[in-house]
Structures are given as structure tokens and as C-alpha cells.
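Colleague:
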Amino acid sequence: MVLLTLAGVVSSSMLISCGQTVNVAKDTAVPARKAAEQKTQIYINQVGFLPNDHKVAVISPQQSGAFTVVSQATGQVVLNAKLQSKGIWPLSEENVSIADFSDLSQEGAYRLELADGKASALFSVGSMVYRQIHDASLKAYYFNRASMALSPEFAGPWARSAGHPDTQVNIHVSAASDARPTNTIISAPKGWYDAGDYGKYVVNSGISTYTLLLAYTHFKDFYQKRDGHIPESSDGLPDILNEVMWNLDWLQAMQDPNDGGVYHKLTTLNFAGSVMPENAHEQRYVVQKSTAAALNFAAVMAFASQVYQEFDSVYPGKSAAYKKAALGAWQWAKTHPEILYLQPEDVKTGAYGDKTLADEFAFAAAQLFVLTGDNSYLNEFLLLDQTPQTPSWSQTASLGYFTLLSFAQDLMSAKLYQQLENKLIKQANVMVAQLAESAYEVPLIKSDFVWGSNAVAMNKAMLLLIANQHKPHPEFRHGAVALTDYILGRNPTGYSYVTGFGQLSPMHIHHRQSEADGVVAPVPGFLAGGAQNGWQDQCNYPSKAPAASYIDDFCSYSTNEIAINWNAPLVYVLAALQSQTMPY
Ligand code: 9MR
Numbered sequence: 001m002v003l004l005t006l007a008g009v010v011s012s013s014m015l016i017s018c019g020q021t022v023n024v025a026k027d028t029a030v031p032a033r034k035a036a037e038q039k040t041q042i043y044i045n046q047v048g049f050l051p052n053d054h055k056v057a058v059i060s061p062q063q064s065g066a067f068t069v070v071s072q073a074t075g076q077v078v079l080n081a082k083l084q085s086k087g088i089w090p091l092s093e094e095n096v097s098i099a100d101f102s103d104l105s106q107e108g109a110y111r112l113e114l115a116d117g118k119a120s121a122l123f124s125v126g127s128m129v130y131r132q133i134h135d136a137s138l139k140a141y142y143f144n145r146a147s148m149a150l151s152p153e154f155a156g157p158w159a160r161s162a163g164h165p166d167t168q169v170n171i172h173v174s175a176a177s178d179a180r181p182t183n184t185i186i187s188a189p190k191g192w193y194d195a196g197d198y199g200k201y202v203v204n205s206g207i208s209t210y211t212l213l214l215a216y217t218h219f220k221d222f223y224q225k226r227d228g229h230i231p232e233s234s235d236g237l238p239d240i241l242n243e244v245m246w247n248l249d250w251l252q253a254m255q256d257p258n259d260g261g262v263y264h265k266l267t268t269l270n271f272a273g274s275v276m277p278e279n280a281h282e283q284r285y286v287v288q289k290s291t292a293a294a295l296n297f298a299a300v301m302a303f304a305s306q307v308y309q310e311f312d313s314v315y316p317g318k319s320a321a322y323k324k325a326a327l328g329a330w331q332w333a334k335t336h337p338e339i340l341y342l343q344p345e346d347v348k349t350g351a352y353g354d355k356t357l358a359d360e361f362a363f364a365a366a367q368l369f370v371l372t373g374d375n376s377y378l379n380e381f382l383l384l385d386q387t388p389q390t391p392s393w394s395q396t397a398s399l400g401y402f403t404l405l406s407f408a409q410d411l412m413s414a415k416l417y418q419q420l421e422n423k424l425i426k427q428a429n430v431m432v433a434q435l436a437e438s439a440y441e442v443p444l445i446k447s448d449f450v451w452g453s454n455a456v457a458m459n460k461a462m463l464l465l466i467a468n469q470h471k472p473h474p475e476f477r478h479g480a481v482a483l484t485d486y487i488l489g490r491n492p493t494g495y496s497y498v499t500g501f502g503q504l505s506p507m508h509i510h511h512r513q514s515e516a517d518g519v520v521a522p523v524p525g526f527l528a529g530g531a532q533n534g535w536q537d538q539c540n541y542p543s544k545a546p547a548a549s550y551i552d553d554f555c556s557y558s559t560n561e562i563a564i565n566w567n568a569p570l571v572y573v574l575a576a577l578q579s580q581t582m583p584y
């Protein structure tokens, strides 16, 4: 690790002084930085800043001296300050400076300028800067709906025909039972496509659906007023709940009514080519029941039952049906506690093969406790003794904490509530320490740079914002804002990673519709997976440094795909930040 860091230092400085590519660190397959990339870069959130938040840009390579912020409207300098040297960020192998312009709170459009005249991308300061991008990041789910046509009225240039009716789905041999033998046909329409592929996976739907429901419950006033411009917009439900219901309708069909078990996924045997949904006709299967699927399903159905109860007059019976489904899946999981998903040989689509299930049990137990008030679920949650780590599709313990802290205060002793709260705060403090350590001033560490690193960033931001709701601390919000800046351009690639937002944003996401639709611009509002150096797809990457290893190319499913579980914390974080200045 130390050697790697040193190699990064050496390579950076050699490249700058020689002005040409030299042979750098032994363990880097490509030069850490191409010569062209050593030109001064100003990495900045290209979408904007809320007036009272922290505002910084990263200057790479490091330089000292003054910088200014210039108003686009008047051409006047509105702020003049000094750059601060921050040293090396090992994750990008850069030596950087920070320009802090937090004092700027006047609404407007600006550029940051360096002494040599180099100017940043245009950015905004304003109380509504995240409104549009929030709405687009939620609308992305509509664009990924299976089993329906998207009309020009709601989808604009990205209108398309219906695909994947999923009314004739086969039971795969791995999922066969007496009541439903191999190749029995079931119907499981609707739902969201998981990502750039057309599969529908219960485990990943779990955290995605949960996170959107949590956003709704935490920011109800904000969501009451949002118009998602979707076909169901006038039905009396907030549109975020309409969107979520599209997926819940599918999820319900993933439960075997004969035993309460839940199929792990609904996919073809192989991934489809780059075709539009209406041209993807391979047979679809439900594959193997798993404990992870049952628990994610139980948790989300329990949460849905709680949330949609309020709208029982609009959709009578939904809440009760969700409750019944949740209890059935929980029972199945209790009697089949260790059925891991094992990918059958003939199935090549995503596995979402979680090997540790204690966190899923905790997640489902927390939800069922809130729904039923039955203390046995709380006891189960406590016995599992989980740490609220950064959430991911395979790590759902925090979701249980978020739920108990949000909805169970009246159901437990003040002492216990405080203990749970303290565990969350402890995790948030770990992130605050990471923030203080980082030359980029972002709470990100090496282990965060996995497949979907941008979602790790957003899930950390979500945890920080939830901690901040419980024990307000300026550094919690600071960390969340820094992570938002990171995905919107203050990162070593210079990309604002959300399609359609920012001066430089991905054009070639690994998303079959965006690739095949003949529209130049990708479907907007999607968060690309982000930099990481696993190189699982063998595309050509510009750098081996984890935070710089990204390419805007369809080929790169390991850094440039999109996914429902990656957009969900983005929606949450943008709602949390935006609803501060625009609660209604
Ligand atoms: O997000 C998933 C990541 O954590 C895994 O490492 C990776 C490989 O198994 O799979 C990712 O999920 C993909 C899923 O398997 C299929 N649909 C696309 C998902 C995003 O790339």
C-alpha cells in the first residue's frame, strides 16, 4: 500500500517534469496518467451548490496561488481566495489543491478561474439546483419499466414499444416443485429492468425499492408536490409511490403461492444483445428460490404494507396483500434459512449470490417488527447484532437500522433506541474521519472502489444524512455534500456521472436501450456505476488508479453500466438535500 502510494507520487512528478509518458509503477498495466491528463484540471460539481453548503473544487496537479470566482451574468469577480495544497490522493495518484469558495452564497451562475486564466465548467449556486436532477433520477425508473410501451407524451425522444410482457414465464428446473414442475408457465409482468440488461432480480429489487420507499417516508411533503409526468400521475398517489408500485406488482408474482418461497430472479438464460426491449424475445425463466430473495421480499412487502396503508382508499386491499406476502416469505425463510443462490450451469445472467444472510434476516425482522409490533421480530433483530455498514445489495443491515430509527421509537425503550442510534452515529463518524483524511475532501477509501462505486458513494451519503437527522452534526452533511459533488464532477475523471447533467456526462452508458434506440443522448437521469479497477470486462482503461479507472464506453459494464440499486440512493440523497431548501 505504501509502495503503491509512493509509486503514485513518483509517477505524477515524473510525468509533470518530463512532459512525456514514462514507465511508472511496476504494478500498473498502463501508465497511471497520460501526459495529456497532466494539464491543469479543475474538478468541480458541474450541476450546482445549495447556497449554504460547503463549496470546493479540486485542482490537479497541485498548485498554489490565488483563484477567483467570476459571475457569468456580470463578468465580475465575486470571490478571491487562495488555493490550499492537499497532497496526494492515492486513489487517483494525483497531487492536488483545493479551492474553497464556501463563502459564496449569492444565487447565480459562475466559473472558477485560476491565475493562469484556466476556467472551470459553469456551475450554479441556488436553492433549487437539485430539483431537476432529482426528478430525472426518479424518472429513470419509468424508462426502465418492463412490459409497457413508453409513449412520446411521457418519454419524449426515448419513447419505445413494449417489451417483455412476461406473461409466459417458464419455471426453470432449479425452481421446480411438485405444484409447479419444470416448464410450468407463470405470469410475472411489470417491474423494472435491473440495469443495462433486461433481467429482473429480487435481491437487487429489495434494496432499490426499499430506498425509494424510505425517501418517500422521510420527505413526504416534498414528494406530495412532485409531478413525475408518468401515466399514473393523476391517480391520487404521490408519483414515487406509483413508480414503486410498478415494481411491487411484479415482485408479488415472484412468490410461489403454494409455499411462500420467492424465486431469485426472472431472466433469459443468457444476456440479450444490444437490442430494444421489443426485439428481445428469448424465453424467460424464474430461477431457484433462495433465502436472500425471500428475506428481501419480506422486508420490502412489509414496508410497502406500512406505506400504502395510507392510500388504501385509492388502491383498496394492496396494503393487506403486501402484509400477507411478507409474512408468507418470512415463514418460508425461517424454515429454509440457508438456501443460497447457486447459479445453474445453463444460466449466465447476473447472480446476486449473497453468501451471508444475517443482515437480510435483520432487515426483514426490523420491517416486520414495525409492521406488526410483535416483539419477537425485535428480539431477532437484536440477537443478530449487526453493524450498520454502508448499504449495498448484499449488505442490508443498515436498512434495518434506518427503519427502526425512523418508525420504531415508540415501540422500544428510550435506552435501546439510543443504543441503536449510537451505532449508526459511530459509522457516520468513521466516514467523517475518512473525509478529514482525503486530499479530495471526500469520505471515500480504497475498499469503496468496487463495481458500482458511485452507488457506494451515494449509500455513504445517505447514511450520513440519516445520521444527521438523528444527531445533527455539520460534518455529516458536509460528507454527504462532498460525495454528491464527487459524483457530479469533483472526481478524477472529470465526469458528472449522471446522464444528461453537467458539462461532461456519460454518453455511452452500458444500457441496451440507450445503445439501441438511435437517439444520440442516453436516457437521462441514470447514475453510471463509476470508477473501479477490477477491469472485469477487459475494456481499455486510462488508468489503473481506482478512482480514475473509468471509461465512457458501452463496452465497460464494470464502470459504465447503470442499475436500479445505484439510482435509488441518488434519489434519496438529492431529495434529502433539495428538500432542505424546497420542502414543498
Ligand atoms: O452490482 C453487481 C456487482 O456488485 C457485482 O460485482 C456484479 C458481478 O456479479 O454484478 C453487478 O450486478 C449486475 C447484475 O449481476 C446483472 N445486472 C447488471 C448489474 C450491474 O452491473
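Using our numbering, the first residue of the sequence shown is number 1, and each one after it goes up by one.
Note that beta-carbon positions come from the ideal geometry of N, C-alpha and C, so glycine has one too.
Can you list, in chain order, the residues of its chain whose CB lies under 6 angstroms from that of T28, leaving out five sequence neighbours each side?
Modeller: Residue placement at T28 is flagged as unreliable, the pLDDT there being 34, under the threshold of 50; a coordinate-derived value is accordingly withheld.
Colleague: Please state whether DSSP places S579 in a helix, a strand or coil.
Modeller: Helix, per DSSP.
Colleague: So, helix, strand or coil for I161, using DSSP?
Modeller: For clarity, residue 161 is Ser in the given sequence; the question names Ile instead. Note: S161 maps to coil in three-state DSSP.
Colleague: Would you please state the rounded distance, in angstroms, between the beta carbons of L383 and Y377? I believe it to be under 8 angstroms.
Modeller: L383 to Y377, Cβ: 11 angstroms. No contact.
Colleague: Is it buried or exposed, Y352, if we count other Cβ atoms within 10 angstroms and call 16 or more buried?
Modeller: Buried is the call here.
Colleague: Does the region 495–507 touch the region 48–66, meaning 3 or more C-beta pairs lie closer than 8 angstroms?
Modeller: Result no; under three Cβ-Cβ pairs closer than 8 angstroms.
Colleague: Using only Cβ atoms and a threshold of 5 angstroms, which residues come within that distance of a heavy atom of ligand 1? Order them by chain position.
Modeller: Result: D194, A195, D197, G350, W451, G452, E561, A563.
Colleague: Exposed or buried, which one is C18 when buried takes at least 16 other CB atoms within 10 Å?
Modeller: Model confidence at C18 stands at a pLDDT of 26, short of 50, so the residue's coordinates are unreliable and nothing is read from them.
Colleague: With a cut-off of 8 angstroms on the beta carbons, I'd call A280 and A272 a contact; round off their distance for me.
Modeller: Rounded, the Cβ-Cβ distance is 4 angstroms, consistent with contact.
Colleague: So does the region 437–450 actually touch the region 393–404, counting three or more Cβ pairs closer than 8 angstroms?
Modeller: No, the region 437–450 is not in contact with the region 393–404.
Colleague: What would DSSP say about E515, mapped onto helix, strand or coil?
Modeller: DSSP places E515 in helix when its eight states are reduced to three.
Colleague: Name the DSSP bridge partner or partners of Y43?
Modeller: Y43 is bridged to V58.
Colleague: Can you look up D374 in the DSSP assignment and give me helix, strand or coil?
Modeller: If DSSP states are grouped into helix, strand and coil, D374 belongs with coil.
Colleague: Considering Cα atoms alone, identify which of K190, L371, E153, K86 is closest to A146.
Modeller: Out of K190, L371, E153, K86, K190 has the C-alpha closest to the C-alpha of A146.
Colleague: State the CB to CB distance for the pair W393 and I207, rounded to an integer number of angstroms; the pair is presumed to be in contact (CB under 8 angstroms).
Modeller: Yes, W393 and I207 are in contact; Cβ-Cβ is about 5 angstroms, under 8 angstroms.
Colleague: Identify whether R111 lies in helix, strand or coil by the three-state DSSP scheme.
Modeller: Here R111 sits in strand by DSSP.
Colleague: Excluding five sequence neighbours on each side, which residues of the same chain lie with their C-beta closer than 6 angstroms to the C-beta of H508?
Modeller: Once the five neighbours on either side are set aside, the close Cβ partners of H508 are D552, D553, F554.
Colleague: What are the boundary residues of the alpha helix (DSSP H) that W332 is part of?
Modeller: Where W332 is concerned, the enclosing alpha helix (DSSP H) stretches over 318–335.
Colleague: Considering G206, what are the terminal residues of the alpha helix (DSSP H) in which it resides?
Modeller: Taken as a continuous stretch (DSSP letters only), the alpha helix (DSSP H) holding G206 covers 202–218.
Colleague: Can F222 and S579 be called in contact, C-beta distance under 8 angstroms?
Modeller: It is a contact, given that the beta carbons lie within the stated cut-off.
Colleague: Measuring only the C-alpha atoms, how far is G534 from P506?
Modeller: Taking the straight line from one Cα to the other gives about 20 angstroms.
Colleague: Using the Cα positions of D197 and E94, report the straight-line distance between them to the nearest angstrom.
Modeller: Roughly 35 angstroms between the two C-alpha positions.
Colleague: Take the Cβ of P181 as the centre, count every other Cβ of all protein chains shown within 10 Å, and call the residue buried at 16 or more, exposed below.
Modeller: Per the 10 Å Cβ criterion, exposed.
Colleague: Please classify T21: does DSSP put it in a helix, a strand, or coil?
Modeller: Confidence is the limiting factor: at T21 the pLDDT is only 27, short of 50, which leaves the residue's position unreliable, though a coordinate-based value still follows. Three-state result, T21: coil.
Colleague: Return the chain-ordered ranges of every alpha helix (DSSP H) run that is complete within the region 384–433 and spans a minimum of 4 residues.
Modeller: List check, alpha helix (DSSP H) in window: 397–407.
Colleague: Out of G494, Y495, G529, which has the shortest C-alpha to C-alpha gap to H511?
Modeller: Comparing Cα positions, the closest option is G529.
Colleague: Assuming A162 contacts M148 under a Cβ cut-off of 8 angstroms, what Cβ separation, rounded to an integer in Å, is found between them?
Modeller: Right, the Cβ-Cβ distance comes to about 5 angstroms (below 8 angstroms), so this counts as a contact.
Colleague: From this set, Y285, Y193, G260, V287, which residue's C-alpha is nearest E243's C-alpha?
Modeller: Of the candidates Y285, Y193, G260, V287, the one whose C-alpha sits nearest the C-alpha of E243 is Y193.
Colleague: For the region 122–140 against the region 563–571, are there 3 or more C-beta pairs whose distance is under 8 angstroms?
Modeller: Counting Cβ pairs under 8 angstroms, three or more are found: they touch.
Colleague: To test your reading of the DSSP string, which unbroken alpha helix (DSSP H) runs of 4 or more residues are found completely within the region 512–564?
Modeller: As far as the region 512–564 is concerned, its whole alpha helix (DSSP H) runs of at least 4 residues are 512–516.
Colleague: Going residue by residue through the region 77–143, where are the continuous alpha helix (DSSP H) segments of at least 4 residues, counting only ones entirely within it?
Modeller: Runs found: 131–143.
Colleague: Quick one: give me the first and last residue of the alpha helix (DSSP H) that I339 is part of.
Modeller: Here I339 belongs to no alpha helix (DSSP H), and DSSP marks it neither H nor E.
Colleague: So, at 6 angstroms on beta carbons, what are the nonlocal neighbours of A299 in its own chain, with the 5 sequence-adjacent residues on each side left out?
Modeller: The answer, listed in chain order, is F363, A364, Q367.
Colleague: Rounding to the nearest angstrom, what Cα-Cα distance links M582 and A575 in this structure?
Modeller: Roughly 9 angstroms separates the two Cα atoms.
Colleague: Using DSSP with H/G/I as helix, E/B as strand and the rest coil, what is T484?
Modeller: Helix.
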